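Report on the structure given below.
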Amino acid sequence: MDNQVIYLLFILALSIFLGFEIISKVPSTLHTPLMSGSNAISGITLVGAIIAAGTSGGDQTTLILATLAVTFATINVVGGYMVTDRMLGMFKKKGSGGNK
Amino acid sequence: MNAGLIELSYIVAAILFIFGLKMMSSPATARKGNFVSFVGMLIAIVATFLYLPQLAEAKLGTVTDLHYDWIAYGMIAGTIIGLLAARLIAMTSMPEMVALLNGFGGISSLLVGWAVYQYDVVATIAIKNSTSADTLTLATIFLSVLIGGVTFSGSLIAWAKLKEVIGGKPTVFPGQHILNILLVAGAVTCAVMITKDPTADIANYLFWGAIGISVVLGVFAVIPIGGADMPVVISLMNSYSGLAACAAGFVVKNNILIVSGALVGASGVILTVIMCKAMNRSLSNVLFSGFGGASSSGGKAVEGEAKAASPEDAYYVLESASSVVFVPGYGLAVAQAQHVARELGELLEENGAEVSYAIHPVAGRMPGHMNVLLAEANVSYDQLIEMDDINPNIENIDVAIVVGANDVVNPAARDDETSPIYGMPIINVDKARTVYVLKRGMGMGFAGIQNPLFFKENTRMIFGDAKGTIQSLVDEFKN
Numbered sequence: 000m001d002n003q004v005i006y007l008l009f010i011l012a013l014s015i016f017l018g019f020e021i022i023s024k025v026p027s028t029l030h031t032p033l034m035s036g037s038n039a040i041s042g043i044t045l046v047g048a049i050i051a052a053g054t055s056g057g058d059q060t061t062l063i064l065a066t067l068a069v070t071f072a073t074i075n076v077v078g079g080y081m082v083t084d085r086m087l088g089m090f091k092k093k094g095s096g097g098n099k
Numbered sequence: 000m001n002a003g004l005i006e007l008s009y010i011v012a013a014i015l016f017i018f019g020l021k022m023m024s025s026p027a028t029a030r031k032g033n034f035v036s037f038v039g040m041l042i043a044i045v046a047t048f049l050y051l052p053q054l055a056e057a058k059l060g061t062v063t064d065l066h067y068d069w070i071a072y073g074m075i076a077g078t079i080i081g082l083l084a085a086r087l088i089a090m091t092s093m094p095e096m097v098a099l100l101n102g103f104g105g106i107s108s109l110l111v112g113w114a115v116y117q118y119d120v121v122a123t124i125a126i127k128n129s130t131s132a133d134t135l136t137l138a139t140i141f142l143s144v145l146i147g148g149v150t151f152s153g154s155l156i157a158w159a160k161l162k163e164v165i166g167g168k169p170t171v172f173p174g175q176h177i178l179n180i181l182l183v184a185g186a187v188t189c190a191v192m193i194t195k196d197p198t199a200d201i202a203n204y205l206f207w208g209a210i211g212i213s214v215v216l217g218v219f220a221v222i223p224i225g226g227a228d229m230p231v232v233i234s235l236m237n238s239y240s241g242l243a244a245c246a247a248g249f250v251v252k253n254n255i256l257i258v259s260g261a262l263v264g265a266s267g268v269i270l271t272v273i274m275c276k277a278m279n280r281s282l283s284n285v286l287f288s289g290f291g292g293a294s295s296s297g298g299k300a301v302e303g304e305a306k307a308a309s310p311e312d313a314y315y316v317l318e319s320a321s322s323v324v325f326v327p328g329y330g331l332a333v334a335q336a337q338h339v340a341r342e343l344g345e346l347l348e349e350n351g352a353e354v355s356y357a358i359h360p361v362a363g364r365m366p367g368h369m370n371v372l373l374a375e376a377n378v379s380y381d382q383l384i385e386m387d388d389i390n391p392n393i394e395n396i397d398v399a400i401v402v403g404a405n406d407v408v409n410p411a412a413r414d415d416e417t418s419p420i421y422g423m424p425i426i427n428v429d430k431a432r433t434v435y436v437l438k439r440g441m442g443m444g445f446a447g448i449q450n451p452l453f454f455k456e457n458t459r460m461i462f463g464d465a466k467g468t469i470q471s472l473v474d475e476f477k478n
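Chains A and B are the protein sequences, given in the same order.
According to numbering that gives the first Met the number 0, the stretch in the first sequence is residues 0 to 99, in order.
According to numbering that gives the first Met the number 0, the stretch in the second sequence is residues 0 to 478, in order.
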């Protein structure tokens, strides 16, 4: 295994622990927005899809596959963030202002 | 742009994701947190565009065409679909939406893996008769495709079950587990054979075979799981979509994918564990047992008679109550009763009662489902009480109104060791002074067992549509 893979595995391990730490503090009231919000984050595959499309050179099949990946990942990102925002906009405390 | 700067912007993006998730720990900051996370996403995307020329040069030798147009078309199409879906979806359909989004995350990871395979293996071999992909890259491509495929088809089945396109009942057949094991073995065999000799003629077929197997596996993984266990499935698929992104990160050797994928993976795992604990069942029990398929035979027979009450009877009790707690379940969503419930809650408050909404972790079809519905109906979030916070005080509650919940308030889970749901934590509504259960009839809950709550001395059943019943209570108060 080359150094880069070791480095990536290192990042993976730390991120998993960090994820457990942060997420376990989210109250169950917010579990649905947490899911849709983290779902939007998993749309980060978009970065991978852009790289795959941009480095596909002259290979048409690769380009088509990667573009499809771009489309699905974008739905994930845009849909995920928007719907989370819409949901969280509804969580209001009494007396904290009108309906937005 | 300098590669160091790019890596730096990825770090910034990762920090923003982490802060965004951290701000989700309170309803007061959650919306800003979501925006912070969105900014992180934008930074990562812009940085990637700036990085493309270098990546292309490193990979292809020359920079001729970066296909910005194709990428733009894909992103525009995705944005339009995403925007429309996010705006048009009804809050009661949120579980379906999240299931679909999980699935899209999965398919995009599958496609990234496939695209890299197509270029590094198929196209490269066609030109040079050898491949640039090393064993490790091939292995991560397989992971990306397998996890992505399972997430995709599994989420679609979950979506179909939630939407009731297909029945919510678990589909179980003999030899199911053996078939699943064979499928996994088949996928691994394909992976190993391609990795050994990617130049073999058969390699492409094996790859397509692996894709097919992963999709079939996702279907078989979810069909034996019943509709009311969907909170676990969605959580698990959420986790898988993160892991798939992680695997795709190893394929394109990109750290931001790995960090984000791991965060999402961890998030999904935590939610899965919480859901399983809230049902006192192991993950393997949820995934493999076909729970809820037939009416279970365990549990003591319940003696006594359920006493029915009319909304008018309930009105007189509610009018003199000084504390009222609503306990919603999936039936609230089905009856769309969240708005009238809030209206009744407000009337009770004007009448001087303290009103809260106690929510069991697995109430509804996804984690937090009831909270979102009540928030939509304008219930203040400090009135949404978790199970562990309501139970110690429940003896002091005058009236508990159970709206479309059943198993999560079944005292057998606490008292009857022979009950199939024994040990599952419940909201102890039976300890409240008076309990009203709003229900269509005496039918059993998802677990298919009797609920002794209905026969308790302090319980009254109000039969009928929950929305209609609450509406008539509201009318009583207004007159």
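For each residue, glycine too, the CB sits at the ideal point set by N, CA and C.
As the structure is a computational prediction, the values presented were derived from the model and not from experiment.
- Shown here, B:V402 sits in a strand according to DSSP, grouped into three states.
- In the structure shown, the three-state DSSP call for B:P94 is helix.
- Straight across, the Cα-Cα distance linking B:V121 with B:V285 is about 40 angstroms.
- Looking at the DSSP output, B:L383 sits in a beta bridge with B:Y356.
- The alpha-carbon of B:G39 is positioned some 39 angstroms away from that of B:E342.
- When beta bridges are read from the DSSP output, B:V436 appears opposite B:V401 and B:M460.
- Contact between the region 168-188 of chain B and the region 207-225 of chain B is present: 3 or more CB-CB pairs across the two stretches fall below 8 angstroms.
- Within chain B, no C-beta atom comes less than 7 angstroms from the C-beta of A:N2; the nearest is roughly 12 angstroms away.
- Using beta-carbon distances, A:I5 does not count as an interface residue toward chain B, since no partner is under 8 angstroms.
- In the structure shown, B:P327 adopts extended strand secondary structure according to DSSP, grouped into three states.
- As a beta-bridge residue in DSSP terms, B:S322 pairs with B:E353.
- The closest CA to that of B:N405, considering only B:D388, B:M423, B:I393 and B:T417, is found on B:M423.
- Looking from the CA of A:R85, the closest CA among B:V371, B:Y314, B:I257 and B:F287 belongs to B:V371.
- Residue state for B:A2 is assigned as helix, using DSSP reduced to three classes.
- DSSP places B:M229 in the uninterrupted alpha helix (DSSP H) bounded by M229 to V250.
- The beta carbon of A:G78 is closer than 8 angstroms to those of A39 in its chain, skipping five residues each way along the sequence.
- Nearest CB-CB separation between B:A122 and chain A: below the 8 angstroms threshold.
- With a beta-carbon spacing of about 17 angstroms, B:M278 and B:P94 fall beyond the 8 angstroms limit used to define contacts.
- Ranking B:A357, B:Q337 and B:V323 by CA distance to the CA of B:E348 puts B:V323 first.
- Of the residues assessed, B:E375 falls on the buried side of the cut-off, its CB having 16 or more other CB atoms within 10 angstroms.
- Contact check for B:A43 against B:Y9 passes: the beta carbons are separated by less than 8 angstroms.
- Exclusion of the five residues before and after B:S321 leaves G351, A352, E353 and D397 as the residues of its chain whose Cβ lies within less than 8 angstroms of its Cβ.
- The region 77-92 of chain B and the region 109-117 of chain B do not touch, with fewer than three beta-carbon pairs separated by less than 8 angstroms.
- Residue B:A2 holds the alpha-carbon nearest to the alpha-carbon of B:E56 among B:A2, B:P391, B:L331 and B:A411.
- Shown here, A:A51 sits in a helix according to DSSP, grouped into three states.
- Assignment of B:A307 by DSSP, reduced to helix, strand and coil, places it in the strand class.
- For the 8 angstroms CB-CB criterion, B:A336 and B:I212 do not form a contact.
- Of the other Cβ atoms in all chains shown, 16 or more fall within 10 Å of the Cβ of B:T139; this residue is therefore buried.
- The residue among A:S35, A:L45 and A:I15 with its C-alpha nearest the C-alpha of B:I75 is A:L45.
- Looking from the CA of B:K306, the closest CA among B:P451, B:T61 and B:N33 belongs to B:P451.
- Under a 10 Å Cβ-count criterion, B:Y356 is classified as buried, with 16 or more other Cβ atoms of the shown protein chains found around its own Cβ.
- Excluding five sequence positions before and after B:A334, the CB atoms of its chain that fall closer than 7 angstroms to its own CB belong to G403, D464, A465 and K466, given in chain order.
- Between the region 95-109 of chain B and the region 141-152 of chain B, the count of C-beta pairs closer than 8 angstroms reaches three or more; the two stretches touch.
- Within a 10 Å sphere around the beta-carbon of B:P419 sit 16 or more other beta-carbons, which makes this residue buried.
- For B:W158, the closest Cβ of chain A is not nearer than 8 angstroms.
- The Cβ atoms of B:G260 and A:I49 lie no closer than 8 angstroms to each other.
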